[in-house]
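263 is the number of the first residue of the sequence shown in my numbering; add one for each residue after it. Here a beta-carbon is modelled for each residue, glycine too, at the ideal position from N, C-alpha and C. Predicted, not measured: the structure shown is a model, and the values here were computed from it. Please read the structure below before turning to the comments.
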Amino acid sequence: MITEEDLAQQFNVIIEHTHPQVWKLLSQCYVKVINPHPHLTRVNIKTCVRHAKYIGIYCPDRLISAVVEQKNLIREVALYLGLVEVVCLNANNLMRDPLSNLKQAYPQLWLDLLWIVTQEQEL
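Following this line, the structure appears as structure tokens:
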């Protein structure tokens with residue numbers, strides 16, 4: 263079975279080889295395949311569509327607008343891999359949210375987001 267990590271890696275490889283300019287942006291972001299309800303079984307078509315996997319791109323403030331501009335192209339690659347949508351999230355806002363329990367619930371994701379928001383922009 264293909265895991266979410268495998269799908270994210272395949273997505274990154276396709277973007278890197280086919281769209282190097284977009285890869286330059288995404289390499290400074292955190293790309294994750296999100297399965298909204300992994301505990302649900304796929305019993306019918308409605309359930310499959312409603313709970314399909316999608317790409318989440320966590321971007322620092324300085325890149326969010328550039329990534330959103332490329333969203334249609336990114337969506338095409340995601341659809342090719344069987345993912346239904348692309349969602350761009352501002353990592354800086356997630357890190358600053360005082361009500362977020364991200365650090366406690368998903369410490370690895372929190373550390374990865376902390377890393378991307380503190381990096382200098384590559385030219």
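Could you check whether the segment 280-296 touches the segment 321-339, counting it as contact only if at least three pairs of C-beta atoms, one from each stretch, sit closer than 8 Å? yes
Expected contact under 8 Å - CB spacing of L269 and L343 to nearest Å: Translated into the one-based positions of the sequence shown, residue 269 becomes position 7. Translated into the one-based positions of the sequence shown, residue 343 becomes position 81. Sure, about 6 Å apart at Cβ, within 8 Å.
What's the call for I264, buried or exposed, on a 16-neighbour Cβ count within 10 Å? Taking the sequence shown and counting its residues from 1, one reaches residue 264 at position 2. Exposed.
Straight-line CA distance for W377 to I277? On the sequence shown, position 115 is the one that residue 377 refers to. On the sequence shown, position 15 is the one that residue 277 refers to. Rounded to whole angstroms, W377 to I277 spans 22 Å at the Cα level.
Assuming Y316 contacts L351 under a Cβ cut-off of 8 Å, what Cβ separation, rounded to an integer in Å, is found between them? For this step, residue 316 is matched to residue 54 along the sequence shown. For this step, residue 351 is matched to residue 89 along the sequence shown. Not really, about 12 Å apart at Cβ, beyond 8 Å.
Where N363 falls: helix, strand or coil (DSSP): One-based indexing of the sequence shown puts residue 363 at position 101. If DSSP states are grouped into helix, strand and coil, N363 belongs with coil.
Nearest-angstrom Cα distance between Q370 and E338? Position 108 of the sequence shown holds residue 370. Position 76 of the sequence shown holds residue 338. Distance between the alpha carbons of Q370 and E338: 28 Å.
Check Y368 in the structure and name its three-state DSSP category. Stepping through the sequence shown from its first residue, residue 368 is reached at position 106. Of the three classes helix, strand and coil, the one that applies to Y368 here is coil, per DSSP.
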